[in-house]
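Protein chains in written order, with the numbering used here: chain A, 1 to 457; chain B, 1001 to 1164.
Following: one structure in structure tokens, then a few remarks.
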Amino acid sequence: MSTNRPGPSTGGTDAPAPDAEGYGAPRRFWRALDRHRPPGVDAADRSWRSPLRGPWLTAVYGSVLLVALPLVIVTGLLDYAAYGPRFDQAFPSDVGWLRLPTFDWPTRPSWLFRVTQGLHVTLGIVLIPVVLGKLWSVIPKLFNWPPARSLAQVLERVTLLLLVGGILFQIATGLLNIQYSYLFGFDFYTAHYFGAWIFTGAFVAHVVLKLPRLISALRSRPLGAELRTPRAETRPEPPDPDDLVAARPGPATVSRRGAVGLVGGGALLLAALTVGQSLDGPLRRTALLLPRGRQPGPGPNGFPVNRTIAAAGVRPEQTGPGWRLMLRGGGRTVTLDRPGLLAMAQHTAALPISCVEGWSTRQTWTGVRLRDLAALAGVADPAAARVSSLEQAGLFRTAVLAPNQVLDPDSLLALRVNGVDLSPDHGYPARVIVPALPGVHCTKWVAEIAFQGRADD
Amino acid sequence: MTDLMARLRAGYGAGPRHLIVVTAAIVLAGWVALRVAGEATAGRMLLWFLGAVIAHDLVLFPAYATADRVLRALVRPRAGNRVALLNHLRVPTLGAALLFVVYSPGILRLGETTHLAATGQDQRPYLVRWLLLSAALFLLSALTYALRALPRGRQSSGKRSERA
Ligand code: HEM
């Protein structure tokens, strides 16, 4: 093993620390730490045998993450924005300045949320093998002795803990959430949202510090040539300042092409078993191991349900002939029954319903335009609309819609889907469907819509 | 000024840019932690955050590294074609393990009631599907191994007859 490790990479132009051995102050302390090698560290150092570990392979996995993780971060933050933080209905609600600038979530293109959230979850899953491969490539550093030679290295190790803990935490909570296993016993939103910021900070720091190294490592071995090198000709990289290359590498059992292919193949396998939950038609079933690859039944209402009527605690008699829709606006109250709604002008729109959990499906909805209902309530130019469900409990028993979401010509209080009445699980007697609105805000079993006029506020 | 920089490098161990970015990341994390600390479940979140690192670095990694060592000892990659066999075992094993790790909540039926409430369906099918997918990976690997081994066998027997 090399005994003379330089300080942490400080980026292209920064010169190395003047101390030839790379110790910071107090030098005596760091040198003593280095000399007091606990039993086992030398054996551990010698036990790293893979000749593939080295800056190039780490840089290849790292560059995939460098390109893809920002997409995961941004689409995650967009999910928060899509909940409408302006109406205090994004979770967690109190985040200070830790959010994107507030803006009204658009209704166009109608597939916007389908794409952003589908991308967030699908990409998050597909990157798992890349994250694991990247961690494999650098794991010997975890067992290096000394763990640090200066304060700079201590602080960098702390950011690495935030980086690795952050991404694993985000992956674990995200995976459990989309599979409905709330094993962790804390609020998903709070954890995943704040975890995202911890991760993002550490990610930015890591990229700033390592980008020059990533570029030089990628340049050190041309990708094309490396991908043409068979196993028999695969040799270790020359010893590197970051000590990624094993001190005593064994013979290669896989080529670098094989290692890249293995991670890429894992990513493709996960992609093939995940994208189905965002597709319609026979391909949906390809999401074999996810809840949303399954169709709940045949017929026009046979598309995925989120929260059944039984789980919502809505009783059948509440949705029977006695059901009434209350419209409120500017001191006026209008009550409508279902035949009354069906007698109004009906509009049909093919719109995706896209869940925050990443799955989506496009269906053809028929019902009354929300803007017609607003006009009926006497609020032709609403500032907001609060939709309430028959549901008594639950985080999403009410949802506030922004003006653009009420006024879009395809925003409906849907009564029918695919030519038939909504099924109880899909929100009979009436549900909201708004283009590009997260599914959880497309309220089912609607009981009341309160339109707020511009003058009211 | 340059003197100050030199002293920073000597004392701290890196340049000013390093100090700024790592401090920023740690301050941000600390600020977030303070915000979360008020939550009743903050301790659990910390546990899961650190637990995730431990689970990967000190459980998952040693487990798969050891499994690979055992496999290598069993299938000694001496001659060229033996290496191929090793990798034809490694690939489907890793594939099956990856699927298990990612989709274990469904496979192990963790969360039967929440799954039912959300989707109206139970978690029964996933285990069998995972087993079938894993079997398919091994089968596919075995088939490609056979296909790759076959022409080589013919080639070498051809060479032998040439030599004879
Ligand atoms: C680096 C990794 C990740 C980052 C930075 C990240 C970030 C975020 C952020 C900021 C949100 C918004 C949370 C909110 O509205 O409160 C979010 C939502 C979400 N993320 Fe992630 N995420 C990551 C990975 C993942 C992975 C791997 C998955 C799943 C497999 C996932 C699944 C989800 C889900 C399902 C939501 C929606 C939650 C909801 O609104 O109900 N995330 N993510």
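Heads up, the beta-carbon is just placed ideally off N, CA and C, and yes, glycines get one too.
Item	Value
Sort out for me which residues DSSP pairs R454/A with in a bridge.	Bridge partners of R454/A: none, in fact.
Can you tell me whether A447/A is helix, strand or coil according to DSSP?	strand
Tell me which residues share the same chain as K1159/B and place their Cβ nearer than 6 Å to its Cβ, disregarding the 5 neighbours each side in the sequence.	Here the model assigns K1159/B a pLDDT of 44, short of 50, so the residue's position is not dependable and the matter cannot be decided.
Do T234/A and S137/A come within 7 Å of each other at the CB atom, strictly closer than that value?	no
Using a beta-carbon distance below 7 Å, is I1026/B in contact with chain A?	yes
What does G165/A reach in chain B if we use C-beta pairs closer than 8 Å?	F1049, L1050, A1052, V1053
Hey, would you say G302/A sits closer than 7 Å to T286/A, going by beta carbons?	no
Which same chain residues end up closer than 7 Å to P1105/B when comparing Cβ atoms and leaving out the 5 residues on each side of it in sequence?	G1111
Tell whether a beta-carbon distance below 7 Å holds between D425/A and V254/A.	no
Below 6 Å, is the gap between the Cβ of L269/A and the nearest heavy atom of the ligand HEM?	no
Tell me, please, whether the CB atom of S1161/B is closer than 7 Å to any CB atom in chain A?	Per-residue confidence for S1161/B stands at a pLDDT of 39, beneath the threshold of 50, marking its modelled position as unreliable; no derived number is given.
In the stretch 66 to 141 of chain A, which residue ranges form an unbroken alpha helix (DSSP H) of at least 4 residues, counting only runs that do not cross its ends?	112 to 126, 128 to 138
DSSP three-state call for T1114/B: helix, strand or coil?	helix
Just tell me which of R431/A, L270/A, R292/A, L269/A has its CA closest to the CA of D280/A.	R292/A
Taking the alpha-carbon positions, what's the A1118/B to N177/A distance?	11 Å
Distance, Cα to Cα, P140/A vs L151/A?	21 Å
For a cutoff of 7 Å on Cβ pairs, would you count I139/A as touching chain B?	yes
Would you list the one or two residues that DSSP bridges to D421/A?	R416/A
Are the beta-carbon atoms belonging to V440/A and V368/A less than 7 Å from one another?	no
Quick check: the stretch 331 to 344 of chain A against the stretch 381 to 397 of chain A, are there 3 or more CB pairs under 8 Å?	no
Comparing the C-beta of V314/A with each C-beta of chain B, is any distance below 7 Å?	no
I'd like to know if F169/A contacts chain B, where contact means its C-beta is closer than 7 Å to some C-beta of that chain.	yes
How many whole angstroms separate the CB atoms of V245/A and R46/A, which I take to be in contact at a CB cut-off of 8 Å?	About 14 Å; that fails the 8 Å criterion.
Is it true that the CB of V406/A sits closer than 7 Å to the CB of P382/A?	yes
Please look up how many angstroms separate the CB atoms of A312/A and G394/A, rounded, as I've assumed it's under 8 Å.	6 Å
Taking only three categories from DSSP, how would you classify W365/A?	strand
Can you tell me whether V334/A is helix, strand or coil according to DSSP?	strand
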